[in-house]
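Down below is the structure, laid out as structure tokens.
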Amino acid sequence: MVSVHTVIDRRDGAQQAAEGVARSDAQATNSAANRKLYKSRVPIYPREQDGLYRKIKWAMMAVTLSIYYLVPWVRWDRGPHAPNQAVLVDFAHERFYFFFIEIWPQEVYYITGLLILSAVSLFLINALFGRLWCGYSCPQTVWTDLFIWVETKIEGDRNARMKLAKAPWTAGKIAKRVSKHTIWLLFAVATGGAWVFYYNDAPTLLHELVTGTASVGNYAFIGILTFTTYTLGGMMREQVCTYMCPWPRIQAAMTDKEALCVTYAYDRGEPRGPHRKGDPWEGRGSCIDCNQCVAACPMGIDIRDGAQLECINCGLCIDACDDVMAKIGQPPRLIAYDTDANIHRRLVGKKPRFRFVRPRTILYAAVLGIVGAIMVYAFATRKSVEMDVLRDRNPNYVTLADGAVRNGYTIKLLNQANMPRDFQLSVGGLKTREVKVIGLESDAMPAVLHVDADKVRTVRVLVTVDKADLGTGGSRDINFTVTEPVHQESRQIESVFITGGAK
Amino acid sequence: MSKKEIDEVSGTETTGHEWDGIKELNTPLPRWWLYLFIACIVWAVGYWFVMPSWPMLHGYTHGMLDHSQRDEVMANVRALQAARAGKEQALNQATLKQIQDNPDLLQFAMAEGKTVFGDNCAPCHGSGGQGAHGYPNLNDDVWLWGGKLDEIQHTITVGVRSSAQDTRESQMPAFGRDGILKPAEVADLTQYVVHLSGRPADPAAVRRAGKLFADNCAACHGAQGKGDRSVGAPNLTDNEWLYGPTPADIRDQIWNGHGGVMPTWGGRLSPATIKALAVYVHSLGGGE
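The listed protein sequences derive, respectively, from chains A and B.
In terms of the numbering used here, the first sequence opens at residue 587 and continues consecutively.
In terms of the numbering used here, the second sequence opens at residue 9 and continues consecutively.
Written out as structure tokens, the structure reads:
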């Protein structure tokens, strides 16, 4: 097996890796050479890189940021009794709106299901294509990418930025730094600002924010998120992934030899070393040790050191290396989305292949399918009428003067529709003398109960059963039925009637 | 210090600890982590000066803010009382019937009534007003002193056999203990009362007790044993027994003449609170 660290003819100070390819002096920030008890952050100046994966990253940035900033402004007509914001977490009224979906607090299991789906999707994607989430859609990645773009536009590319960092504090440097941080802060404020719109009616809140009449909480959250966006995206960057985020550690357990990862094909690249025009390619690898992959890396690592937790699999080193391969006339994808297993297959002369169907991917897909099906079923059969019946426990039952027995029930009627409706409540399963709904004039059954749009109405119901109808057991079955005549929906809840008789 | 051992693969120093050939790495912390730690220490020192923190021999250091959760609670309570003042005022002015007919006021009264009931009444009447041996159940349709709103309000205000001037007052004699009746007569009366409530009883005893009942009991309980609310005398023909339904229970009551005491709440609870309480008790299910 070829060692990753085999180097041929590394001539220190060489400026050219090959004809027309500059040799960068970029070094892996986590290189084994210099580690201390406390490790200072080594600033990373990723070089601007164009290519396929960079284009995908730009597209993903546009999509994710657009979703984040614009979704609160999407309107969705729910009629006069509910807010018309498509996505709204309405804490004040305890409702969550998502387009055609409305969730009440007791239905938080839908969100649990959504979280399970998200987690298992993450596992599945990781088993198939590696850390796509880290590389393209994680907010930390997206905002860091955005901030680096701002930095590049103002201070220039890698070399210019490095030079500026070392340069004395001239007016020009101050101007560049001030404008960079100002733009970062503007993005950070916009990020915090967008967040609070998810919890309030966006146009109303924007007006309040501008006129200074919004609640302190809103300003506080904008402040907190401005601070975190500015520090995490501008200053901390790769430190968040390396030291704060648990996912790089978890994904190590979620990935395997067949998972696609940004991989340096050391079977083809080694032994590496600078190449002069005209030198033969026989007996050496394709890697000319130009370090362009390291220079392009936003995490500041050397992908040729192998899979490592710092690597977010963004593919910018692939773009960098492909450019170089084109210049020196070698085939592209010395660094590529590849699997560890394929390298070993090539080393023993087998054809590389991608095994997307594996026990773990089948398992993840099955879990996804089952949870997804349960969610869809639950949503499809979700009724707009719900009822809870709570029998009084204290007292369990009340014996009346003539020997009849009365039980009390607290009934909650949930009108989960955006219109006021009249519900019909009736009692069955037991011969009753009287069913009294406290607060209603009439004792006639079914009792008609008006419930406001999107509201819960709680009523107390007293059920009295004659002594003769009590039967012999300690309790009898009883059921409550609520019917909504317009939508033809109903719910029946089983409960018990305690007679107080012999057990 | 001994020589540092460097792990070959990662290039990181090891701690020297080893389990089954796996060595623990001594990975360096990021320096900003150290700075956060120092910042926390600085914060803690700042906290001493701003917030109450150090215990002293007498009292404690108050800090610049002199923050106190107790003061905060008291301020919240005052704010709550101020916010409730309007409703409390309305409760004061409204009649009991008006409270019942005004959904807004009713909700307020019910909430207040429930809380006040839990604090003051539940020890005897139970948290649900279910009563106990010697303590009336407030859920049923049996009322010794009346179950109308104003009757309940009056009972709460003056109590039963309490220290109040105009308290609800009545006393059943201890017929046996005080020697008013002979043990055999008490036994006969017991059978008579069992008979009154429609249960099988010794016919000879019932016959003998007829005159005893008319002479000793009917004055309060009525000739038919139906009771009399004006003196708080219970109905003996129904299914409810404050001191128990068995013949032994009934004999015990005739012998000892138990009579519980309900304190007067007039001086302890405000008239508005008593109104709320009356509305709440009335709503438990037995209100007339």
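We treat Cβ as the ideally placed atom computed from N, Cα and C, and that holds for glycine.
### Query
Does any residue of chain B bring its CB to less than 8 Å from the CB of N980 of chain A?
The residue labelled residue 980 of chain A in the question sits at position 394 within the first sequence. Contact with chain B is found for N980 of chain A, since one of that chain's Cβ atoms lies less than 8 Å from the residue's Cβ.
### Task
Could you work out which residues of chain A lie near L104 of chain B, taking near to mean beta carbons separated by less than 7 Å?
Translated into the one-based positions of the second sequence, residue 104 of chain B becomes position 96. Per Cβ cutoff of 7 Å: no residues; L104 of chain B is ~16 Å from chain A at best.
### Query
Short check: CB of Y610 of chain A to CB of V880 of chain A, under 8 Å?
The count along the first sequence starts at 1 and reaches residue 610 of chain A at position 24. The count along the first sequence starts at 1 and reaches residue 880 of chain A at position 294. One point to set straight first is that residue 610 of chain A is Ser, not Tyr, in the sequence displayed. For S610 of chain A and V880 of chain A, yes; Cβs fall inside 8 Å.
### Query
Name the chain B residues whose beta carbon is nearer than 7 Å to that of V984 of chain A?
If you number the first sequence from 1, residue 984 of chain A lands on position 398. Here the neighbours are N145, N147, D148, G293.
### Query
In terms of residues, what are the limits of the beta strand (DSSP E) holding N1065 of chain A?
The residue labelled residue 1065 of chain A in the question sits at position 479 within the first sequence. Segment 1061-1070, the beta strand (DSSP E) holding N1065 of chain A.
### Three-pair Cβ contact test at 8 Å for the stretch 967-977 of chain A versus the stretch 122-135 of chain B
With a cut-off of 8 Å, the stretch 122-135 of chain B and the stretch 967-977 of chain A do not count as touching, because too few Cβ pairs lie within range.
### Query
Fully enclosed by the stretch 909-984 of chain A, which beta strand (DSSP E) runs are 3 residues long or longer?
If you keep only unbroken beta strand (DSSP E) runs of at least 3 residues inside the stretch 909-984 of chain A, you get 921-924, 971-977.
### Query
What residues are listed by DSSP as bridge partners for Y55 of chain B?
Position 47 of the second sequence, counted from the first residue, corresponds to residue 55 of chain B. Beta-bridge analysis with DSSP links Y55 of chain B to no other residue.
### Task
Within 10 angstroms of the Cβ of G915 of chain A, are there 16 or more other Cβ atoms? Answer buried if so, exposed if not.
Here residue 915 of chain A is taken as the residue at index 329 of the first sequence, counted from 1. Within 10 angstroms of the beta-carbon of G915 of chain A lie fewer than 16 other beta-carbons, which makes it exposed.
### Minimum Cβ-Cβ distance from E120 of chain B to chain A less than 8 Å
Position 112 of the second sequence, counted from the first residue, corresponds to residue 120 of chain B. Taking Cβ atoms only, chain A never reaches closer than 8 Å to E120 of chain B, which makes this a no.
### Query
Mind checking if K998 of chain A is an interface residue toward chain B, Cβ cutoff 8 Å exclusive?
Translated into the one-based positions of the first sequence, residue 998 of chain A becomes position 412. No, K998 of chain A does not count as interfacial toward chain B.
### Task
Starting from the C-beta of K643 of chain A, find all residues in its chain whose C-beta is less than 7 Å away, skip the five residues before and the five after it, and write them out in chain order.
The count along the first sequence starts at 1 and reaches residue 643 of chain A at position 57. Excluding its 5 nearest sequence neighbours in each direction, K643 of chain A has C-beta neighbours in its own chain below 7 Å: Y722, D731, C900, listed in chain order.
#### Entry: Interface partners of S626 of chain A on chain B, CB under 9 Å
In the first sequence, residue 626 of chain A corresponds to position 40, counting from 1. Chain B residues near S626 of chain A: P38, R39, W40.
### Task
Run the CB neighbour count on Q106 of chain B, radius 10 Å, all protein chains shown included, and call it buried at 16 or more, exposed below.
Start at 1 with the first residue of the second sequence, and residue 106 of chain B comes out as number 98. Classification for Q106 of chain B: exposed.
### Contacts that Y829 of chain A makes with chain B (C-beta to C-beta distance below 9 Å)
As a first step, residue 829 of chain A is located in the first sequence; it is residue number 243 there, counting from the start. Those are L37, P38, W40, W41, listed as they occur along chain B.
### Query
Taking the DSSP output, what are the residues bridged to G1014 of chain A?
Mapped onto the first sequence, residue 1014 of chain A falls at position 428. In the DSSP secondary-structure assignment, G1014 of chain A is bridged to A:N1065.
### Message
Could you tell me the alpha carbon to alpha carbon distance between A209 of chain B and A1054 of chain A, rounded to whole angstroms?
### Response
For this step, residue 209 of chain B is matched to residue 201 along the second sequence. For this step, residue 1054 of chain A is matched to residue 468 along the first sequence. The alpha-carbon atoms of A209 of chain B and A1054 of chain A are separated by roughly 22 Å.
### H767 of chain A, DSSP secondary structure in three states
What you label residue 767 of chain A is simply residue 181 of the first sequence in a count that begins at 1. Looking at H767 of chain A - three-state DSSP - the assignment turns out to be helix.
#### Entry: Through-space distance from A713 of chain A to E844 of chain A, alpha-carbon basis
As a working note, residue 844 of chain A is residue 258 in the first sequence. As a working note, residue 713 of chain A is residue 127 in the first sequence. Approximately 8 Å, taken between the alpha carbons.
#### Entry: For I929 of chain A, the nearest candidate out of A:T996, A:G855, A:E605 (CA to CA)
Counted from its first residue, the first sequence places residue 929 of chain A at position 343. Of A:T996, A:G855, A:E605, the smallest CA-CA separation from I929 of chain A is found for A:G855.
### Segment contact, 8 Å Cβ cut-off, at least three pairs: the stretch 82-90 of chain B with the stretch 985-1004 of chain A
Taking 8 Å as the limit for Cβ pairs, the verdict is that the stretch 985-1004 of chain A does not touch the stretch 82-90 of chain B.
#### Entry: L1035 of chain A (DSSP reduced to helix, strand or coil)
Position 449 of the first sequence, counted from the first residue, corresponds to residue 1035 of chain A. Here L1035 of chain A carries a strand assignment [DSSP, helix/strand/coil].
### Message
Just to confirm my understanding: we take V287 of chain B, look at its own chain, exclude 5 residues before and 5 after, and list those with CB closer than 8 Å. What are they?
### Response
Here residue 287 of chain B refers to the residue found at position 279 of the second sequence. Around V287 of chain B, the same chain offers L104, I107, Q108, L114, A117, M118, G121, L157 as residues with beta carbons nearer than 8 Å, after the five sequence neighbours per side are excluded.
### Query
If you draw a straight line from the alpha carbon of M82 of chain B to that of Q671 of chain A, how long is it in whole angstroms?
Counting from 1 along the second sequence, the entry for residue 82 of chain B is found at position 74. Counting from 1 along the first sequence, the entry for residue 671 of chain A is found at position 85. When rounded, the distance between both Cα atoms is 40 Å.
#### Entry: Beta-carbon contacts of P242 of chain B that lie in its chain and below 7 Å, excluding the five residues immediately before and after
The sequence position of residue 242 of chain B within the second sequence is 234, counting from 1. Around P242 of chain B: L152, G235, L250.
### CA nearest to the CA of V194 of chain B, picked from B:A93, B:H290, B:A213, B:R176
For this step, residue 194 of chain B is matched to residue 186 along the second sequence. With distances taken between Cα atoms, V194 of chain B lies closest to B:A213.
### Task
State the beta-bridge partners of Q1078 of chain A as determined by DSSP.
As a working note, residue 1078 of chain A is residue 492 in the first sequence. Its beta-bridge partners are A:T1067.
### Query
In or out: R596 of chain A buried (at least 16 other Cβ within 10 Å) or exposed?
Numbered from its first residue, the first sequence carries residue 596 of chain A at position 10. A caution first: R596 of chain A carries a pLDDT of 48, below 50, which makes its placement in the model too unreliable to give a value.
### Message
Which residue marks the beginning of the beta strand (DSSP E) containing K1022 of chain A, and which one marks its end?
### Response
Translated into the one-based positions of the first sequence, residue 1022 of chain A becomes position 436. DSSP places K1022 of chain A in the uninterrupted beta strand (DSSP E) bounded by 1020-1023.
### Message
On a Cα-Cα basis, can you pick out the residue from A:A751, A:A776, A:A678, A:P832 that is closest to Y655 of chain A?
### Response
Here residue 655 of chain A refers to the residue found at position 69 of the first sequence. Sorting A:A751, A:A776, A:A678, A:P832 by C-alpha distance to the C-alpha of Y655 of chain A places A:A776 at the top.
### Message
Let me make sure I understand the geometry here. Which of A:V1049, A:T1069, A:A668 has the alpha-carbon closest to that of A678 of chain A?
### Response
Here residue 678 of chain A refers to the residue found at position 92 when the first sequence is read from its first residue. For A678 of chain A, the closest of A:V1049, A:T1069, A:A668 by C-alpha to C-alpha distance is A:A668.
### Query
How far does the alpha helix (DSSP H) with V202 of chain B in it reach, from first residue to last?
Reading the second sequence from its first residue, position 194 is the one you call residue 202 of chain B. Judged by DSSP secondary structure, V202 of chain B falls within the alpha helix (DSSP H) whose first and last residues are 191-204.
### Query
Taking 8 Å as the CB-CB limit, is T592 of chain A close to chain B?
Position 6 of the first sequence holds residue 592 of chain A. Here T592 of chain A scores only 47 on pLDDT, less than 50, and its place in the model should not be relied on; the value that follows carries that caveat. When Cβ-Cβ separations below 8 Å define contact, T592 of chain A makes no contact with chain B.
### Query
Between the stretch 51-64 of chain B and chain A, which residues of the former have CB atoms less than 7 Å from a CB of the latter, in chain order?
For the stretch 51-64 of chain B, the set of positions with a beta-carbon nearer than 7 Å to some beta-carbon of chain A is empty.
### Task
Check distances from the C-beta atoms of the stretch 809-828 of chain A to those of chain B and list, in chain order, the residues that come in under 7 Å.
For chain B, the residues of the stretch 809-828 of chain A that bring a beta carbon within less than 7 Å of one of its beta carbons are Q825, in chain order.
### Message
Measuring alpha carbon to alpha carbon, tell me which residue in A:V673, A:I898, A:L703, A:R862 is nearest F783 of chain A.
### Response
For the purposes of this step, residue 783 of chain A is identified with residue 197 of the first sequence, where counting begins at 1. The shortest C-alpha to C-alpha distance from F783 of chain A to any of A:V673, A:I898, A:L703, A:R862 is the one to A:V673.
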